[in-house]
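**Student:**
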Amino acid sequence: MNFLPPFRLALATAFLGLSLAAQAPAPAPKPPQAPKGKPVMKKVDRTKQLDMNTATKKALLKLPGITDPIADRIIKGRPYLTKTRLVTQEVLTLDQFQKIRDRIKVVPMTQPKAPAKVK
154 MNFLPPFRLA
164 LATAFLGLSL
174 AAQAPAPAPK
184 PPQAPKGKPV
194 MKKVDRTKQL
204 DMNTATKKAL
214 LKLPGITDPI
224 ADRIIKGRPY
234 LTKTRLVTQE
244 VLTLDQFQKI
254 RDRIKVVPMT
264 QPKAPAKVK
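Each residue of the sequence shown is one higher than the one before, counting from 154 in our numbering.
(1) If I measure Cβ to Cβ from L245 and keep anything under 6 Å in the same chain, skipping five residues before and after, which residues do I get?
(2) Just grab the DSSP bridge partners of I257 for me.
(3) Can you tell me which of K183, K252, T237, K236 puts its alpha carbon nearest to the alpha carbon of K215?
(4) Is it right to say D259 is buried, meaning 16 or more other beta carbons lie within 10 angstroms of its own, or is it exposed?
(5) Give the straight-line distance between the Cα atoms of Q202 and G230, rounded to the nearest whole angstrom.
(6) Measuring straight from C-alpha to C-alpha, what distance separates A208 and K270?
(7) Could you tell me which of T263, P261, R256 sits nearest to L213, measuring between CA atoms?
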């Protein structure tokens, strides 16, 4: 019988294990994930957006970050042509606007037509 000493047996086993590991396929890379702390974009239901030209004070106060004085400024600054006018007219800060921009819309107010002149 031809026996290998225990040291040689252990060495042969380790060598065999390393050679098999080198031939094994590499694991598949993980798919990239969104960075932490960055919000995930959600679809916005445009039918549930609040119109800044017609919203009541009570409805405005339900928006995140909108307080009593800010709601009063929004109402006082009406009508708005676009929702970005809330920032350019200094009604809201950019941070306040960014918190609510997906929840609001602006439907421009139409001018009432003058009555037709009767001759």
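Glycine residues also receive a C-beta, built at the ideal position from the N, C-alpha and C atoms.
None of these values were measured; they are calculated from a predicted model.
**Tutor:** The relevant details are as follows:
(1) Apart from the 5 residues on each side of it in sequence, L245 sits with its Cβ closer than 6 Å to the Cβ of L239 in its chain, given in chain order.
(2) Bridge partners of I257: L203.
(3) Scanning K183, K252, T237, K236 for the CA closest to the CA of K215 turns up K252.
(4) Correcting the residue type first, residue 259 is Val in the shown sequence and not Asp. Counting C-beta atoms within 10 angstroms of its own C-beta, V259 has 16 or more neighbours from the protein chains shown and is therefore classed as buried.
(5) Between Q202 and G230, the C-alpha separation is close to 19 Å.
(6) The alpha-carbon atoms of A208 and K270 are separated by roughly 34 Å.
(7) Among T263, P261, R256, the Cα nearest to that of L213 is on R256.
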